[in-house]
Amino acid sequence: MRRRSLLRSLTFAATVGLVLTLLFGVPWWSLVMAGNDWPAGVQVLGTVVFAAAMVTFPFLMFLGHGRGVDWASRTADTILGAIWILFVWAVIGDVLRLALLAAGVDDPVRSRAAAGFTAVVALGLGLWGYREAMRVPRVRRVEVRIPRLGAGLDGLRLVQLTDTHYGPIDRVAWSKGVTEVVNSLNPDIVAHTGDIADGTVGMRTAQAAPLGDIRAGLARVYVTGNHEYFGEAQGWLDHMQALGWEPLHNRHVVVERGGDRLVVAGVDDRTAAGTGLEGHRADHALALDGADPALPVLLLAHQPKQIDAAVAHGIDLQISGHTHGGQIWPFHYLVRLDQPVVQGLTRHSDRTQLYTSRGTGFWGPPFRVFAPSEITEITLRAGAVETS
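So that you can map any letter, position 319 of the sequence shown is 319 in the UniProt record's numbering, and since no number is skipped, the others follow by simple counting.
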């Protein structure tokens with residue numbers, strides 16, 4: 001047993017070491033070494049900077065996300081985002097280097113051109129991506145037809161927030177801005193589909209406080225995401241209830257307008273059962289217990305991959321988050337390996353549709369590149385789905 005545990009630890013350490021070597025090594029080679037023929041002082045300085053960042057990064061991640069030290073989290077997350085952008089564009093720069101080689105361009109001009117391309121594009125995208133991450137999201141408007149929706153509910157406005165990830169960067173002003181935008185939409189229902197924060201209620205109370213000022217005509221509802229289970233899921237459920245929201249902890253509420261009704265149900269995140277927290281698991285049967293089967297159902301479930309259970313239980317529309325739309329291009333290709341959908345409206349059975357938000361906030365690295373955040377306004381329409 002001890003040998004097996006040691007082997008797992010060594011395998012994990014070797015995997016992390018390999019990933020870090022690639023992430024930091026590729027841009028170091030492309031920008032500093034290769035055939036650039038920079039002065040020795042430039043090469044030494046560049047090597048020291050990349051080596052120091054690579055060595056300190058895992059310790060900062062452990063201190064920040066493992067021990068809850070916010071300044072360390074901010075530093076490690078920023079390094080992670082920056083090195084990912086540099087890595088991606090260094091690889092693309094190396095493709096450019098090969099193209100220049102084929103065109104007969106010699107070093108050091110060839111390698112310096114590729115290095116300059118990588119540096120300029122990475123810096124530009126980093127600055128733009130930071131601004132995109134920190135801004136109050138734009139409103140993304142979506143219309144969803146639900147055949148079983150009664151005429152009295154036609155035009156119901158549902159605003160979805162998700163993945164706010166209140167965390168080590170103080171975003172109280174940002175949170176207030178989100179609340180102002182939501183209230184300006186005059187929604188009937190506001191739904192938060194999880195990953196509300198990274199940290200406990202005590203750590204993120206101020207950032208979450210503006211959620212208490214959000215207004216909705218019929219209901220404000222919330223479900224847990226996987227990140228709640230890294231902190232204190234029950235604490236966030238209780239806190240959201242104290243702010244006036246309905247925590248849909250494997251339960252449902254029924255809203256009514258114009259004589260027609262809609263079941264609004266929610267389930268815990270799919271990771272909840274593995275946490276050992278008593279009473280926490282995704283339980284669709286419990287969430288729908290007592291609901292009139294003739295009524296249409298809107299389901300809040302944090303992860304898109306929970307859609308299979310939604311199909312099995314005859315859900316009309318599931319709304320989810322979790323993916324962040326990939327957050328920093330081209331990470332969405334990796335997300336797609338784990339989730340059936342990265343973003344947008346998709347159909348999964350004759351009855352069941354899924355809307356996946358790119359997220360309202362961001363996790364970790366304060367960058368969004370080609371994956372803008374969103375406050376989603378979903379207008380529900382009665383009647384058959386139009387087909388082309």
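Virtual Cβ for every residue (Gly too), placed ideally from N, Cα, C.
Status (buried if at least 16 other CB within 10 Å, exposed otherwise) for residue i
i, result
"E374", "buried"
"Y229", "buried"
"W174", "buried"
"F362", "buried"
"E143", "exposed"
"S30", "buried"
"S388", "Any reading at S388 is ruled out, since the residue's pLDDT is 49, under 50, leaving its predicted position unreliable."
"A242", "exposed"
"T15", "exposed"
"N186", "exposed"
"D106", "exposed"
"R148", "exposed"
"G188", "Note that residue 188 corresponds to Asp in the displayed sequence, not to Gly. By the neighbour-count rule (16 or more Cβ atoms within 10 Å), D188 is buried."
"W28", "buried"
"D350", "exposed"
"R8", "exposed"
"P108", "exposed"
"P39", "exposed"
"D77", "buried"
"L18", "exposed"
"D289", "exposed"
"W71", "exposed"
"V44", "exposed"
"G104", "exposed"
"L125", "buried"
Distance between residue j and residue i (C-alpha atoms, nearest Å)
i, j, result
"L300", "V121", "38 Å"
"T118", "V335", "24 Å"
"R257", "A219", "12 Å"
"T11", "R3", "12 Å"
"G314", "A206", "39 Å"
"T56", "L86", "18 Å"
"Q234", "T271", "14 Å"
"Q160", "T75", "30 Å"
"Q318", "T346", "10 Å"
"R135", "G66", "27 Å"
"T21", "V221", "44 Å"
"L153", "A113", "59 Å"
"P247", "M240", "7 Å"
"A309", "L100", "52 Å"
"N226", "N36", "45 Å"
"H192", "A90", "37 Å"
"V49", "I328", "23 Å"
"L380", "L262", "11 Å"
"H284", "G194", "16 Å"
"G25", "D338", "27 Å"
"G266", "V190", "13 Å"
"Q306", "D316", "14 Å"
"L6", "M61", "22 Å"
"L123", "A82", "9 Å"
Proximity test, residue i beta-carbon vs the ligand PLP heavy atom, cut-off 6 Å
i, result
"A53", "Of the ligands one can find in the structure shown there are none, so the ligand PLP has no counterpart to examine."
Rounded distance between the beta-carbons of residue j and residue i, thought under 8 Å
i, j, result
"T224", "D260", "Not a contact, Cβ separation roughly 29 Å."
"V32", "G41", "Contact doesn't hold; Cβ gap of about 11 Å is too wide."
"A382", "A151", "5 Å"
"D198", "H165", "6 Å"
"S320", "L286", "Between L286 and S320 the Cβ distance is about 19 Å, and since that is not below 8 Å, they are no contact."
"residue 397", "L298", "Here the chain comprises residues numbered 1 to 388, so residue 397 is not present and cannot be evaluated."
"T179", "L211", "7 Å"
"T356", "G364", "Contact doesn't hold; Cβ gap of about 19 Å is too wide."
"H324", "D163", "6 Å"
Nearest neighbour of residue i, chosen from the options [CA to CA]
i, options, result
"T376", "S5, R141, I146", "R141"
"R368", "H280, Q43, P137", "P137"
"G279", "I214, L237, A310, D308", "L237"
"P330", "F50, F370, Q234, P365", "F370"
"H322", "G359, A291, Q306", "G359"
"D292", "A133, H302, V254", "V254"
"D94", "S111, G167, L123", "S111"
"D213", "R281, N183, E232", "N183"
"A216", "G129, H302, Q306, W245", "W245"
"E232", "G25, H249, V201", "V201"
"T129", "A115, R145, T162, W84", "A small correction: the amino acid at residue 129 is Gly; Thr does not occupy that position in the sequence shown. With distances taken between Cα atoms, G129 lies closest to W84."
"R204", "G126, V181, G177, G167", "G167"
"I169", "A133, P296, M54, L277", "A133"
In DSSP terms, what residue i is bridged to
i, result
"L317", "L298, Q353"
"I378", "V142, L158"
"L262", "V255"
"A191", "Q160, V221"
"T346", "L354"
"E246", "V221"
"Y130", "None; Y130 has no bridge partner."
"I328", "V369"
"Y333", "Paired residues: none, contrary to the question."
Any C-beta of chain B under 7 Å from that of residue i
i, result
"G314", "The structure shown contains no chain B; it holds only a single protein chain."
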